[in-house]
Amino acid sequence: MTMAVELVRSAWATAPQDRTGAGLREWADGCSSTAVLVHRCLDLADGDVPPEELRRGAEPVGVGPLLAGELRRQGRILEVLADPEGAGNGLRRTVGISAEGRRILRAAAARRARTSG
């Protein structure tokens, strides 16, 4: 779990000062990749799919349930943000999706800590 903590700290440390445009987009993409790695670290079912194959938008196959759920949540967030009709409610929906992911990740981390003693 130490690796997961370091990945997240590194992502936060590289947050751009100017939170607009290409710099923010690049950082957000890096955060997405970090989330995938963290979920892969904590997933009890270790898949053998290379990380670059996970970002192609297809239904996750060959990965554990924790990582598959995160990939689906990331896809839902992108769909919500891209929907021009949901502009006013989109941010609220993405916060809800993210909160769901945090709850699941916390439970997985707690379970991992209990089983690894």
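Mapping of the sequence shown onto the working numbering: position 117 corresponds to residue 147, and the numbering continues sequentially without gaps.
From the three backbone atoms N, C-alpha and C, an ideal C-beta is built for every residue, glycine too.
- For LEU67, same chain residues with a beta-carbon under 6 Å away, outside a window of 5 residues either side, are LEU37 in chain order.
- Note on ARG136: under 16 other CB atoms within 10 angstroms of its CB, so exposed under the neighbour-count rule.
- By the neighbour-count criterion, in which a residue is buried when 16 or more other Cβ atoms sit within 10 angstroms of its Cβ, ALA65 is buried.
- With fewer than three CB-CB distances shorter than 8 Å, the segment 44-55 does not count as touching the segment 118-131.
- In this structure, the beta-carbon distance from ILE127 to GLY99 does not fall below 8 Å.
- DSSP, read as helix, strand or coil, puts ALA45 in coil.
- Cβ atoms of LEU72 and ALA138 come within 8 Å of each other, at about 5 Å.
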